[in-house]
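Number of protein chains: 2
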Amino acid sequence: MTSPHTFDTAIALTPTAEGEYTGATSPAYANMVGPFGGVTAAVALNAVLQHPALLGEPVALTVNFCAALADGAFTATARPPRTNRSTQHWVIELAQGGETVMTATAMTAARRETWSVDDEPMPTVPAPNTVPDPTQSPQVEWVNRYQMRFIEGGIPSEWDGVGGSSQTQLWVREAAPRSLDFCSIAALADVFFPRVWLRRATRVPVGTVSMTVYFHAGAAPLAEIGHGWVLGQARAQAFRNGFFDHTAQLWSEGGHLLATSHQVVYYKE
Amino acid sequence: MTSPHTFDTAIALTPTAEGEYTGATSPAYANMVGPFGGVTAAVALNAVLQHPALLGEPVALTVNFCAALADGAFTATARPPRTNRSTQHWVIELAQGGETVMTATAMTAARRETWSVDDEPMPTVPAPNTVPDPTQSPQVEWVNRYQMRFIEGGIPSEWDGVGGSSQTQLWVREAAPRSLDFCSIAALADVFFPRVWLRRATRVPVGTVSMTVYFHAGAAPLAEIGHGWVLGQARAQAFRNGFFDHTAQLWSEGGHLLATSHQVVYYKE
Numbered sequence: 015m016t017s018p019h020t021f022d023t024a025i026a027l028t029p030t031a032e033g034e035y036t037g038a039t040s041p042a043y044a045n046m047v048g049p050f051g052g053v054t055a056a057v058a059l060n061a062v063l064q065h066p067a068l069l070g071e072p073v074a075l076t077v078n079f080c081a082a083l084a085d086g087a088f089t090a091t092a093r094p095p096r097t098n099r100s101t102q103h104w105v106i107e108l109a110q111g112g113e114t115v116m117t118a119t120a121m122t123a124a125r126r127e128t129w130s131v132d133d134e135p136m137p138t139v140p141a142p143n144t145v146p147d148p149t150q151s152p153q154v155e156w157v158n159r160y161q162m163r164f165i166e167g168g169i170p171s172e173w174d175g176v177g178g179s180s181q182t183q184l185w186v187r188e189a190a191p192r193s194l195d196f197c198s199i200a201a202l203a204d205v206f207f208p209r210v211w212l213r214r215a216t217r218v219p220v221g222t223v224s225m226t227v228y229f230h231a232g233a234a235p236l237a238e239i240g241h242g243w244v245l246g247q248a249r250a251q252a253f254r255n256g257f258f259d260h261t262a263q264l265w266s267e268g269g270h271l272l273a274t275s276h277q278v279v280y281y282k283e
Numbered sequence: 015m016t017s018p019h020t021f022d023t024a025i026a027l028t029p030t031a032e033g034e035y036t037g038a039t040s041p042a043y044a045n046m047v048g049p050f051g052g053v054t055a056a057v058a059l060n061a062v063l064q065h066p067a068l069l070g071e072p073v074a075l076t077v078n079f080c081a082a083l084a085d086g087a088f089t090a091t092a093r094p095p096r097t098n099r100s101t102q103h104w105v106i107e108l109a110q111g112g113e114t115v116m117t118a119t120a121m122t123a124a125r126r127e128t129w130s131v132d133d134e135p136m137p138t139v140p141a142p143n144t145v146p147d148p149t150q151s152p153q154v155e156w157v158n159r160y161q162m163r164f165i166e167g168g169i170p171s172e173w174d175g176v177g178g179s180s181q182t183q184l185w186v187r188e189a190a191p192r193s194l195d196f197c198s199i200a201a202l203a204d205v206f207f208p209r210v211w212l213r214r215a216t217r218v219p220v221g222t223v224s225m226t227v228y229f230h231a232g233a234a235p236l237a238e239i240g241h242g243w244v245l246g247q248a249r250a251q252a253f254r255n256g257f258f259d260h261t262a263q264l265w266s267e268g269g270h271l272l273a274t275s276h277q278v279v280y281y282k283e
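Residue numbers (my numbering), protein chains in the order written: chain A, 15 to 283; chain B, 15 to 283.
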């Protein structure tokens, strides 16, 4: 028997009733405070995907980080307040010690083939095997779970307050081979280090407060990509009075837009 | 006594208990099926803003359109599952006849002055008074509630299937003078006609399923703009198997980014 992938262990949920689960944070995804938010987002989505009443595949997911998770156990609940013929709406909450630590909503749908086109073309970038691995050592544990090759907008090597563009482009995939699926896409959507650090070349305390992911690729195309590289791009739009947002895209190496995402992040000072 | 603005009547809520309200759809905002989604989004936000336990001002709002509202009464509930020192998280639901028609989450915060910068500059566009009003008559009632002057990407004059760019830029404001506030920004975020109509110059059945708004301007700067023009810009990112997304920005005429928004929309065929 092969042991499960670290990511699957981290997002594992044990059902205790219909739509009710227990889970636990994973030291493998430790961040500055609490776990990597991308994994917590994946847990919220997993609570939907494990639900026996699930209809279709994820189209939209919004997670709200209400508080930093403490290391240890949590509970998750997912309920579908509305099920239509081909779409379903979900409300999700994660709690620790009876206190809400995440609220979330999701929309799933039975998708049909239609006229389709990518309108945000993948930028022209060097191939993954021509981009070097970072020379800096990760400051937090979860970063070791991914291979990240920065094309543009890597973590500043000097925190000199100079800064510039808020845009990052990087090739990214799991460090240990694992095929892409909706949960790993949800996590990848949160893989970008804080735009305010890049824009200002200054480390200030930060925390994502809300993230939305729109899934443009279904389960089958994601599985076909397997452990392939994903091109991630993120760019801030506004930094204002303690909160900034960013807009992000994830493409397959073949140039298909897999997901788009947005988040709003608290920053101090 | 002056009569209230049509928008205020449409988003009005009568409290029935703490965080519980009744409201009713307004014929002034009728869309193809049910009311203009932007007004329903504003109602969800209003349920938070009217709550006696409210902390701070809105930073993030996500609304999920579970079903078209029927003309008539609805109930709204807003509860704050988590209140921190300076942020608060909200879960909102709208229902008709006991069935959920909208789920939503919001985050409010007591914002402090910090280092701030707009990173998505307002595009260079002609001034509002140099852009003509549309010559086409609105097909739906709610459009009459706004003045819209299209700079780029107006509603196709010929539905010939040719299409092109999915980007729209327009100057927009309420037709009847009303000062900007969070609820009107939430509604303006949904003012863009469906990108799929523009991209394909083809009318296909559509419906927004989820929309997120990040508020970058506080109540005071919004009030200062008053009844000023707002520059709206929206562009699709992907059309795929029945759903497309768009990313949108709203700037003041003075060039300040007031809000950013994203939505995912169902389309048939």
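All C-beta atoms, glycine included, are put in the ideal place defined by N, C-alpha and C.
Item to check | Proximal residues of chain A, C-beta to C-beta of E127(B) below 7 Å | outcome: Neighbours of E127(B) on chain A, chain order: N255.
Item to check | Residue-level contact to chain A via CB, S130(B), 8 Å cutoff | outcome: With 8 Å as the cut-off, S130(B) counts as an interface residue toward chain A.
Item to check | Length at least 3, wholly inside the segment 158-197 of chain B: the beta strand (DSSP E) runs in chain order | outcome: 160-166, 182-188, all fully within the segment 158-197 of chain B.
Checklist entry - Quick one: does S266(B) have its CB under 8 Å from some CB of chain A? => result No, S266(B) lies away from the interface with chain A (no Cβ there is under 8 Å from its Cβ).
Item to check | Contacting residues, own chain, Cβ-Cβ under 6 Å from P49(B) (five flanking each side not counted) | outcome: Cβ within range, chain order: T39, Y43, L83.
Next on the checklist: In the DSSP output, which residue or residues are listed as bridge partners for V227(A)?
Outcome noted: According to DSSP, which records beta bridges pairwise, V227(A) is partnered with L75(A), S275(A).
Next on the checklist: Any beta carbon from chain B within less than 8 Å of D259(A)'s own beta carbon?
Outcome noted: Taking 8 Å as the threshold, the shortest C-beta distance from D259(A) to chain B falls below it.
Next on the checklist: Is the separation between the beta-carbon of E34(A) and that of T89(A) shorter than 8 Å?
Outcome noted: Yes; because the gap between Cβ atoms is below 8 Å, this pair is in contact.
Checklist entry - For F196(A), which residues from the same chain have a beta carbon less than 8 Å from its beta carbon, with the 5 sequence-adjacent residues on both sides left out? => result Hits under 8 Å: L59, L63, E71, P72, F229, A233, L236.
Next on the checklist: In this structure, how does DSSP classify W104(B) when only helix, strand and coil are distinguished?
Outcome noted: Under the three-state reduction of DSSP, W104(B) is assigned to strand.
Next on the checklist: Please classify M46(A) as buried or exposed, where buried requires at least 16 neighbouring CB atoms within 10 angstroms.
Outcome noted: It is exposed - the Cβ of M46(A) has fewer than 16 other Cβ atoms within 10 Å.
Checklist entry - How would you call G268(A), buried or exposed, if buried means at least 16 neighbouring beta carbons within 10 angstroms? => result Its Cβ having fewer than 16 others within 10 Å, G268(A) is exposed.
Checklist entry - With 16 other CB atoms within 10 Å as the buried threshold, where does S266(B) fall? => result Taking every protein chain shown into account, the CB of S266(B) has 16 or more other CB atoms within 10 angstroms, so this residue is buried.
Next on the checklist: Given 7 Å as the limit, tell me if V227(B) has its C-beta closer than that to any heavy atom belonging to the ligand NAD.
Outcome noted: Only the bare structure without any ligand can be found here, which leaves the ligand NAD out of the picture.
Item to check | Nearest to V223(B) (by Cα), restricted to the options E127(B), P208(B), I25(B) | outcome: For V223(B), the nearest C-alpha among the options comes from P208(B).
Checklist entry - Under a CB-based cut-off of 8 Å, is H276(B) close to chain A? => result By this cut-off, H276(B) is an interface position.
Next on the checklist: Against chain B, which members of the segment 206-226 of chain A pass a CB distance test of less than 9 Å?
Outcome noted: So the close ones are R209, V210, R213, R214, T216, V218, V223, S224, T226.
Item to check | Expected contact under 8 Å - CB spacing of N78(B) and M116(B) to nearest Å | outcome: Yes, N78(B) and M116(B) are in contact; Cβ-Cβ is about 6 Å, under 8 Å.
Item to check | Chain-ordered neighbours of Q263(A) on chain B, where CB pairs are closer than 8 Å | outcome: Residues of chain B passing the Cβ test: Q251.
Item to check | Cross-strand partners of E113(B) (DSSP beta bridge) | outcome: Paired residue(s): Q110(B).
Checklist entry - Apart from the five residues on each side of it in sequence, which residues of its chain come closer than 7 Å, Cβ to Cβ, to W173(A)? => result Listed in chain order, the non-local C-beta contacts of W173(A) below 7 Å within the same chain comprise A215, T216, R217, local neighbours out to five positions each way being set aside.
Item to check | Buried or exposed by the 16-neighbour rule on C-beta atoms within 10 Å, applied to H103(B) | outcome: Looking at its Cβ environment, which holds 16 or more other Cβ atoms inside 10 Å, H103(B) is buried.
Checklist entry - Excluding five sequence neighbours on each side, which residues of the same chain lie with their C-beta closer than 6 Å to the C-beta of V10(A)? => result The question about residue 10(A) has no answer, for chain A in this structure spans 15 to 283.
Checklist entry - Along the segment 80-106 of chain B, what residues have a CB closer than 7 Å to any CB found in chain A? => result For the segment 80-106 of chain B, the set of positions with a beta-carbon nearer than 7 Å to some beta-carbon of chain A reads C80, A81, P95, R96, N98, T101, H103, V105 in chain order.
Checklist entry - Within 8 Å (strictly less), CB to CB, does T39(A) reach chain B? => result Closer than 8 Å: no.
Checklist entry - What does M136(A) reach in chain B if we use C-beta pairs closer than 9 Å? => result Within 9 Å Cβ-Cβ: nothing; M136(A) doesn't reach chain B, min ~11 Å.
Checklist entry - Can the beta-carbon of R96(B) be found less than 8 Å from the beta-carbon of T114(A)? => result In this structure, T114(A) lies closer than 8 Å to R96(B) by Cβ.
Next on the checklist: Restricting to Cα atoms, I'd like to know which of V145(A), T144(A), M162(A) is closest to P152(A).
Outcome noted: Closest by alpha carbon: M162(A).
Checklist entry - Using CA coordinates, which residue listed in R213(A), T182(A), N158(A) is at the minimum distance from G175(A)? => result Of all alpha-carbon atoms in R213(A), T182(A), N158(A), the one lying nearest the alpha-carbon of G175(A) is that of R213(A).
Next on the checklist: Tell me the rounded alpha-carbon separation between L245(B) and S193(B).
Outcome noted: Taking the straight line joining both Cα atoms gives about 15 Å.
Checklist entry - Which stretch, first to last residue, makes up the alpha helix (DSSP H) that contains D259(B)? => result Here D259(B) belongs to no alpha helix (DSSP H); instead the beta strand (DSSP E) covers 257-266.
Checklist entry - Thinking C-alpha only, which one of D259(A), G167(A), L27(A) is nearest S130(B)? => result Cα-wise, what sits closest to S130(B) is D259(A).
Next on the checklist: Please classify D147(B) as buried or exposed, where buried requires at least 16 other C-beta atoms within 10 Å of its C-beta.
Outcome noted: Exposed: under 16 other Cβ atoms inside 10 Å.
Item to check | Identity of the residues DSSP links to T36(B) by a beta bridge | outcome: Answer is T28(B), T89(B).
Checklist entry - If you run the structure through DSSP and keep just helix, strand and coil, what is R214(B)? => result If DSSP states are grouped into helix, strand and coil, R214(B) belongs with the helices.
Checklist entry - Residues of chain B with a CB under 9 Å from the CB of H9(A): which are they? => result The requested residue 9(A) does not occur in the structure, where chain A is confined to residues 15 to 283.
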